[in-house]
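Trainee:
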Amino acid sequence: MPRVKVIHGPLLDRLGERETDLYGAEPLEEINASLVAMGKAAGVEVDCFQSDHEGDLVTEIANCRDRYQFLILNPAAYAHTSVAIHDAVDFCAAPTIEVHLSNLAAREPFRHQSTIARVVLGRIEGLGPEGYRLAMRYAIERLVGHE
Ligand code: DQA
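Per our numbering: the sequence shown ends with 228, consecutive numbering throughout.
Given below as structure tokens:
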């Protein structure tokens, strides 16, 4: 069975209580449950992980190598700073979609830069939690050719 890993960075476990105007009201558990359900319906295993810690994210991403066929990653604030997460995505070698809930281009200049942009397959931003589901639709289509 093809496997997709979904990885969320710092403070994304606080969705629903954190700046809901920017990030939406849907809690992370609900987003994850919807992604697992999409995978189940299509015969794709979906595993989710969240951490506030850069090193834990690096380890988790690196461990996806040869174990997961697709990665959906929102590194949160580390997207703007982390060379280590760039290197982990590169090492893991699974096609990766970078997801951001908010529209980074419309926010502070320090959010306009993504260290991982050059090693991901594509990016979705500004569509709220729906961005994760659109990424999952793409992953499923690519892995099993149907939803
Ligand atoms: C975010 C955008 C980041 O700039 C921010 O630090 C986050 C969330 C997003 O999903 O819009 O924590 O990754």
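All residues carry an ideal CB built from backbone N, CA and C; glycine is no exception. Note that the coordinates shown come from a computational prediction; the quantities given were computed from them, not determined experimentally.
Please classify Gln194: is it buried, with 16 or more other beta-carbons within 10 angstroms of its beta-carbon, or exposed?
Mentor: Counting from 1 along the sequence shown, the entry for residue 194 is found at position 113. Burial call: exposed.
Trainee: To the nearest angstrom, how far is the alpha carbon of His89 from that of Gln131?
Mentor: Here residue 89 refers to the residue found at position 8 when the sequence shown is read from its first residue. Here residue 131 refers to the residue found at position 50 when the sequence shown is read from its first residue. Rounded to the nearest angstrom, the two C-alpha atoms are 5 Å apart.
Trainee: Is any heavy atom in ligand 1 found nearer than 8 Å to the beta carbon of Pro156?
Mentor: Taking the first residue of the sequence shown as 1, we reach residue 156 at position 75. Indeed, a heavy atom of ligand 1 lies less than 8 Å from the Cβ.
Trainee: Would you kindly work out how many angstroms separate the C-alpha atoms of Gly97 and Pro108, rounded to a whole number?
Mentor: Within the sequence shown, residue 97 is the residue found at index 16, counting from 1. Within the sequence shown, residue 108 is the residue found at index 27, counting from 1. Whole-angstrom Cα-Cα distance: 5 Å.
Trainee: I need the boundaries of the alpha helix (DSSP H) containing Ile197, first residue and last residue.
Mentor: Here the question's residue 197 lines up with position 116 in the sequence shown. Where Ile197 is concerned, there is no enclosing alpha helix (DSSP H), given that its DSSP letter is neither H nor E.
Trainee: Indicate the three-state DSSP secondary structure (helix, strand or coil) for Asn113 in the structure shown.
Mentor: Within the sequence shown, numbered from 1, the residue matching residue 113 stands at position 32. In the structure shown, Asn113 sits in a helix (DSSP, three-state: H, G or I).
Trainee: From the DSSP output, which residues share a beta bridge with Asn155?
Mentor: The residue you call residue 155 lines up with position 74 of the sequence shown. Asn155 pairs with His89.
Trainee: Would Val125 and Tyr213 qualify as a contact pair, given that the criterion is a beta-carbon distance under 9 Å?
Mentor: Along the sequence shown, read from residue 1 onward, the residue named residue 125 stands at position 44. Along the sequence shown, read from residue 1 onward, the residue named residue 213 stands at position 132. Contact flag unset, no.
Trainee: Label Glu31 either buried or exposed according to how many other C-beta atoms from any shown protein chain fall within 10 Å of its C-beta, with 16 as the threshold for buried.
Mentor: The structure shown does not extend to residue 31, since the chain spans only 82 to 228, so no value can be given for it.
Trainee: On the premise that Glu206 lies in contact with Leu185, defined as a C-beta separation below 8 Å, what is that separation, rounded to the nearest angstrom?
Mentor: Within the sequence shown, residue 185 is the residue found at index 104, counting from 1. Within the sequence shown, residue 206 is the residue found at index 125, counting from 1. Contact flag correct, Cβ pair sits at about 5 Å.
Trainee: Among the candidates Met217, Pro176, Gly226, whose CA atom is the shortest distance from the CA of Ile112?
Mentor: As a position in the sequence shown, residue 112 is number 31, starting the count at 1. Of Met217, Pro176, Gly226, the residue nearest in Cα terms is Met217.
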